[in-house]
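132 is the number that the working numbering gives to position 36 of the sequence shown; each next residue is one higher, with no gaps.
Here the structure comes first, spelled out in structure tokens, and everything after it is commentary.
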Amino acid sequence: MVEKNKGRKVTVVTREYTINLHKRLHGFTFKKKAPNAIKEIRKFAQKAIGAMDVRVDVKLNKQI
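Here's what the structure looks like:
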């Protein structure tokens, strides 16, 4: 017989936040703002959700 896995179910969580990127990116040069914005968004999401696995949608990446 097959053993049943009684672990946690993985659920996808979707939340909407407004992040003030101006205060987080103050002082960065123009060419480095977009990569640092992605890093700051990931850091904010990790803190808000409490999970280390945070993925940024491709559409958001293109908007930044």
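Backbone N, C-alpha and C fix where the C-beta goes; we use that ideal spot for every residue, glycine too.
All figures in this text were calculated on a predicted structure; none of them were measured in a lab.
Query, Result
"Beta-carbon spacing of V150, A141 below 7 Å", "yes"
"Own chain, CB closer than 6 Å to K158, minus 5 neighbours either side, in chain order", "none"
"Three-state secondary structure (DSSP) of I115", "coil"
"Residues of its chain near E136, where Cβ-Cβ distance is below 6 Å and the 5 sequence neighbours each way are ignored", "R120"
"Buried or exposed (CB count within 10 angstroms, at least 16 for buried), A133", "buried"
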